[in-house]
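K.L.:
Okay, so the sequence shown: first residue is 2 according to the numbering used here, each after it adds one. Note that beta-carbon positions come from the ideal geometry of N, C-alpha and C, so glycine has one too.
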Amino acid sequence: MRVELRIGTVGLYAALSLGLSLFAAPDAGRAGSAEIQLRDASGAPVVDAIVSLVPADGSAPPPAARAASAPGPGGSMDQRNLQFAPHVLAVQRGAAVDFPNSDQIRHHVYSFSEAKRFELRLYSGVPAEPVVFDKAGTVVLGCNIHDDMIGFVRVLDTPWFSTTGDAGKASIANVPLGRYRVELWHPRAQDGAKDALVIEIAADAPAKLDATLPLGAAPTPDRPKRLLRDRLRDGRAP
Ligand SMILES: [Cu+2]
């Protein structure tokens, strides 16, 4: 009798926790949006940061092919005026990214990052084949000819992300209702800067969040970009 009672109690707990997790899981039928304002430790807007959302209950976001809300399975990383444009590009895992060269001079693009090792040998125009990013992580881009060229492809396991603009703001639309963990990334984000941020996406109004992301010093002639690239090239950076 006592054993049956204990099993019953366990069953009740199981039913309760199942019900709670179902309640907390993203509601795929309805969607809302998030607006995030990022500032550094001095209060200045953080530009070129990537803000992404993952379900707080640990459920897996939809993969790229079926993510109707994704900004698109691909993207483009241009080379313009001897720089990568954009400086940072966020894509969902599986994305095929073009690397057009808009300069009149040839570039030789490479990455040694664990998330994607590749090389586009000295070329002009648009390579015939895009580069497919099939592993989540940070891919640091360089050019064999121009040491000052550095760019980043951040490969994410979620379709819900955005990059901050000049005002340090990121907007993420078409997010199923529910609770999400907010993940922040920037090439110069300090270790340990990732606070446990949670946001609730509701139907009535955009969820708003102000967050601080401390950054390391910007590259200067004394602290060349190459140091940053070397630090990040193994892909283990946050
Ligand atoms: Cu180059």
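Output the distance between the C-alpha atoms of V47 and A116, rounded to the nearest integer angstrom.
P.N.:
Each residue's alpha carbon lies about 25 Å from the other.
K.L.:
How would you label T221, buried or exposed, when you count the other beta carbons within 10 angstroms and need 16 or more for buried?
P.N.:
Exposed: under 16 other Cβ atoms inside 10 Å.
K.L.:
Which runs of the beta strand (DSSP E) spanning at least 3 residues fall entirely within the region 36–86, listed in chain order?
P.N.:
Counting whole runs of 3 or more residues, the region 36–86 contains the beta strand (DSSP E) stretches 51–56, 75–77, 79–81, 84–86.
K.L.:
Would S22 be called buried (16 or more neighbouring beta carbons within 10 Å of its own) or exposed?
P.N.:
Its pLDDT being 44, under 50, S22 is placed unreliably in this model, and the value from its coordinates should be taken loosely. The residue in question, S22, is exposed, as its Cβ has fewer than 16 Cβ neighbours within 10 Å.
K.L.:
Quick one: give me the first and last residue of the beta strand (DSSP E) that Q191 is part of.
P.N.:
Taken as a continuous stretch (DSSP letters only), Q191 belongs to no beta strand (DSSP E), as it is neither H nor E.
K.L.:
With F240 as the anchor, note down where its beta strand (DSSP E) starts and where it stops.
P.N.:
The structure shown does not extend to residue 240, since the chain spans only 2 to 239, so no value can be given for it.
K.L.:
Note down the Cα distance separating G73 from V154, rounded to an integer number of angstroms.
P.N.:
The predicted position of G73 is uncertain, since its pLDDT is 43 and thus under 50; a value taken from the coordinates is nonetheless stated next. So the alpha carbons of these two residues sit roughly 15 Å apart.
K.L.:
K136 by DSSP, collapsed to three states: which one?
P.N.:
Looking at K136 - three-state DSSP - the assignment turns out to be coil, as it is neither helix nor strand.
K.L.:
Can you list, in chain order, every residue whose CB sits closer than 6 Å to a heavy atom of ligand 1?
P.N.:
Going by the Cβ distance cut-off, the answer is H108, C144, I146, H147, M150.
K.L.:
Can you tell me where the beta strand (DSSP E) holding R122 begins and where it ends?
P.N.:
Here the beta strand (DSSP E) through R122 covers 117–124.
K.L.:
Do the CB positions of A57 and L39 come within less than 8 Å of each other?
P.N.:
No, the pair does not count as a contact, with Cβ atoms beyond the cut-off.
K.L.:
Could you give the residue range of the beta strand (DSSP E) that holds A208?
P.N.:
Start and end: 208–213.
K.L.:
Does E130 come out as helix, strand or coil in the three-state DSSP assignment?
P.N.:
Here E130 sits in coil by DSSP.
K.L.:
For R189, I'd like the list of residues in its chain whose CB is within less than 6 Å of its CB, leaving aside the five on either flank, ordered along the chain.
P.N.:
Cβ neighbours of R189 beyond the five flanking positions: L216, G217.
K.L.:
Can you give the Cα-Cα distance for A219 and G95, rounded to whole angstroms?
P.N.:
Spanning the two alpha carbons is a distance of roughly 31 Å.
K.L.:
Would the region 152–172 count as touching the region 86–94 if we require 3 or more Cβ pairs under 8 Å?
P.N.:
Enough Cβ pairs lie closer than 8 Å, so yes.
K.L.:
Between the C-alpha atoms of N145 and V110, what's the straight-line distance to the nearest angstrom?
P.N.:
In a straight line, the C-alpha of N145 is about 7 Å away from that of V110.
K.L.:
For F134, count neighbouring C-beta atoms within 10 Å of its own C-beta (all shown protein chains included) and say buried if the count is 16 or more, exposed if not.
P.N.:
When all chains shown are included, F134 counts as buried.
K.L.:
Using the beta-carbon count (16 or more within 10 Å), is G33 buried or exposed?
P.N.:
G33 should be labelled buried.
K.L.:
Taking C-alpha atoms, which residue in I106, V183, M150 lies nearest to G59?
P.N.:
When each option's Cα is compared against that of G59, the closest is V183.
K.L.:
Are the Cβ atoms of D104 and S77 separated by less than 8 Å?
P.N.:
It is not a contact, given that the beta carbons lie outside the stated cut-off.
K.L.:
Between A208, K136, L121, which lies nearest to A170 when the distance is taken from Cα to Cα?
P.N.:
One point to set straight first is that residue 170 is Lys, not Ala, in the sequence displayed. Of the candidates A208, K136, L121, the one whose C-alpha sits nearest the C-alpha of K170 is A208.
K.L.:
Might you give, ordered along the chain, the residues of its own chain that have their beta carbon closer than 8 Å to the beta carbon of V127, omitting 5 neighbours on each side?
P.N.:
Cβ neighbours of V127 beyond the five flanking positions: D99, F100, P101, N102.
K.L.:
Where does P177 fall in DSSP's three states?
P.N.:
Looking at P177 - three-state DSSP - the assignment turns out to be strand.
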